[in-house]
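What follows is a short report on a single structure.
There are 2 protein chains.
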Amino acid sequence: MISKLINEIVNKKAPVVVGLDPNLKFIPEHLKKNATEEKGETLEAAAAAVLAFNKAIVDATYDLIPAVKPQIAMYEQFGIPGLIAYKEIVDYCHEKGLIVIGDVKRGDIGSTSESYAIAHLGEITVGNKTYRPFDEDFATVNPYLGTDGVKPFVDICNKCDKGIFVLVKTSNPSSGEFQDKDMEGRPLYEHVADKVCEWGAESMDGEYSNVGAVVGATYPAQGETARRLMPHTYILVPGYGAQGGKASDLKAFFNKDGLGAIVNSSRGIIAAYTKEPYKDRFDALHFADASREAVKDMLEDINGAI
Amino acid sequence: MISKLINEIVNKKAPVVVGLDPNLKFIPEHLKKNATEEKGETLEAAAAAVLAFNKAIVDATYDLIPAVKPQIAMYEQFGIPGLIAYKEIVDYCHEKGLIVIGDVKRGDIGSTSESYAIAHLGEITVGNKTYRPFDEDFATVNPYLGTDGVKPFVDICNKCDKGIFVLVKTSNPSSGEFQDKDMEGRPLYEHVADKVCEWGAESMDGEYSNVGAVVGATYPAQGETARRLMPHTYILVPGYGAQGGKASDLKAFFNKDGLGAIVNSSRGIIAAYTKEPYKDRFDALHFADASREAVKDMLEDINGAI
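Just so you know, the sequences run in chain order A and B. Anchor point for the first sequence: position 283 equals 283 in the working numbering, and the numbering is continuous, going up by one each time. Just remember that the working numbering sits 1000 ahead of the position in the second sequence, which is counted from 1.
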């Protein structure tokens, strides 16, 4: 699967992914009004507004980008109707030829991680029929439980040609509380990086592994170390834009081949119409056009810096 | 919320929780046949079999136990129909007066953790109406991202009178890879235990905090340390039974007041009819009676040991 992602990145000259993380406060009033007029003030209406919002952004940007990253929490907060919308947006993005990174951050003991891996990347058999429940292309995975919590995901990557990104150094302010603390001479996140290489060696797909890593744009020094420790690992880089990561900081996350990293922006793209420099040029009715402009600007910014 | 759980534990003399972690291989053929006859070989049929299985076990055991712990991964693997069944079992257990610990192991950066906390413990507003999406009483939380990934859950515990159990030392074989490694003089899990106390101080409910911890029965030495480091923290103890934890090992997890821990068994209870000593006395049609016997035996075993 990683080779497919790399092909799309190279073809579109776009080492970026758009995070489809809707929050009701970003969604224009006219979409919320349409939804509540049809479905009342219900979770179904909220989910319908989210879906309409995301589809419009996908329609306006899919030719520019290789991949999207829906954050399942933002759908899960609307209960079952939200999760139905999540599945619909996964399928819609596939119809548009996009690779879907399910930002699910799952991870548990072995038998339970296997169920999560089946849910998001694998297939399940009922009698003589086989189903792919959510069917994203990649999922994000939490490493706190160690190898037996990650291995079931790797096995399913190999079986179904899928990929994962394991949390190594996250973009949030308190990520250093545990991840940066010295553990037998090196920070915890470096130990996790070593394990990512070990896990990834069992799922190579060309020069890179289907087992990738998450390292936040907000920590460029750790990005440089992570890049060095994991030469064959693709790095998913959140935290650019709204969280404070700058393009000039991103070079460290890429290999000399110009590959090895894919940079995510969520709020900076999907809520562009509410932010400078777009809000004066685009009103709420043209939110998706603002997102397209923001993707173009992000591509110029990142391709100029790396 | 923790005081409510403690009351139920004391009233029923039962420091135990039954893990409702269905796997199609545990579910008797007659339930699967009923479901596929009605709904075909579909995810809906699998979910219906899971729901019928779990409801029968709840009916047979609810008077003996204070709480259940459905593992959401086991439902998520059946996609949307599975998650609908998850929500139905949460509601059904509430109707039976049981406390529901959603074993969801969520955790992300701050704004995303807030969405997970809303999904599972909180409420969301659409227009003028407010909904509680999944509405479990407790959720399990992964600490890898540090304070800003956990704090939104604590805030919602305080707002909605709910609780969480944070992963400290998990029950799986490879949990020591990171959790036991020395970090500035002490294993990582001890640092997490310290943070659990810090987070929990903001959500006290009587002698104990709404912020609990997960420590596996399979690691009694770490259980003893965790007990000492977190005197006001309730410990959810998975790993008893099928994973190898023994009653004699459990004493270390309890405080001198006889409180402070709640022991989970999943497969040992729900699949009792397939295991010694129950399989000779109960056939597949009487699987729920076997589960009731297994709960009684577990209570005797644990109450005898502590």
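Just so you know, even glycine gets a beta-carbon here, dropped at the ideal spot from N, CA and C. Predicted model only: the values in this text are computed from it and were never measured.
Contacts around residue i, its chain only, beta-carbon distance under 8 Å, and the 5 residues preceding and following it disregarded
i, result
"A:E88", "L51"
"B:K1159", "G1122"
"A:D148", "I109, G110 and S113"
"A:I80", "L43"
"A:K55", "I89 and Y92"
Counted within 10 angstroms of its Cβ, other Cβ atoms place residue i as buried (16 or more) or exposed
i, result
"B:S1248", "exposed"
"A:N142", "buried"
"B:T1225", "buried"
"B:A1365", "Summary: the structure shown does not reach residue 1365 of chain B, with chain B confined to residues 1001 through 1306, and so no result is reported for it."
"B:G1127", "exposed"
"B:K1025", "exposed"
"B:G1040", "exposed"
"A:D63", "exposed"
"A:A49", "buried"
"A:K129", "exposed"
"A:G97", "exposed"
"B:V1090", "buried"
"B:D1137", "buried"
"A:E300", "exposed"
"B:G1304", "exposed"
"B:D1283", "exposed"
Chain A contact for residue i (CB, 7 Å cutoff)
i, result
"B:D1086", "Going by the sequence as given, residue 1086 of chain B is Tyr instead of Asp. No, B:Y1086 lies away from the interface with chain A (no Cβ there is under 7 Å from its Cβ)."
"B:V1126", "yes"
"B:E1136", "no"
"B:L1083", "yes"
"B:A1073", "yes"
"B:T1112", "yes"
"B:N1119", "Reading off the sequence shown, one finds Ala at residue 1119 of chain B, where the question assumed Asn. So, interface residue."
"B:E1184", "yes"
"B:K1162", "no"
"B:K1181", "yes"
Closer than 7 Å at the beta carbon, the chain B residues around residue i
i, result
"A:S175", "L1145 and G1146"
"A:Y116", "A1073 and E1076"
Any C-beta of chain B under 7 Å from that of residue i
i, result
"A:N172", "yes"
"A:E190", "no"
"A:K279", "no"
"A:F153", "no"
"A:H165", "A small fix is needed here, since residue 165 of chain A is Phe in this sequence, not His. No, A:F165 does not count as interfacial toward chain B."
"A:F178", "yes"
Contact set between residue i and chain A, taken where Cβ atoms lie within less than 9 Å
i, result
"B:D1091", "In chain order: nothing, as chain A lies at least about 12 Å away."
"B:Y1131", "T42, L43, A46, F78 and G79"
Close beta carbons around residue i, own chain, < 6 Å, minus the five adjacent residues each side
i, result
"A:R307", "Because chain A is modelled from 1 through 306, residue 307 of chain A falls outside the range shown and cannot be assessed."
"A:R267", "A242"
"A:G223", "V215, A252 and F253"
Chain B residues whose Cβ lies nearer than 8 Å to that of residue i
i, result
"A:D194", "Per Cβ cutoff of 8 Å: no residues; A:D194 is ~10 Å from chain B at best."
"A:N142", "K1105, G1107, N1142 and Y1144"
Proximal chain B residues relative to residue i, where beta-carbon distance stays under 9 Å
i, result
"A:G149", "T1170, N1172, S1174 and S1175"
Beta-carbon proximity list for residue i, same chain, < 7 Å, skipping 5 on both sides
i, result
"A:Y189", "V168, K169, Q179, D180 and Q222"
"A:M183", "H191"
"A:A271", "F26"
Worksheet item: Which residues, in order along the stretch 1226–1258 of chain B, keep a beta-carbon less than 7 Å from a beta-carbon of chain A?
Response: Within the stretch 1226–1258 of chain B, no residue has its Cβ closer than 7 Å to any Cβ of chain A.
Worksheet item: Looking at chain A, which residues of the stretch 1018–1039 of chain B have a Cβ within less than 7 Å of any of its Cβ atoms?
Response: Those would be T1036, in chain order.
Item to complete: Using a Cβ-Cβ cut-off of less than 8 Å, list which residues of the stretch 1260–1276 of chain B approach chain E; keep chain order.
Response: Of the protein chains in the structure, A and B, none is chain E.
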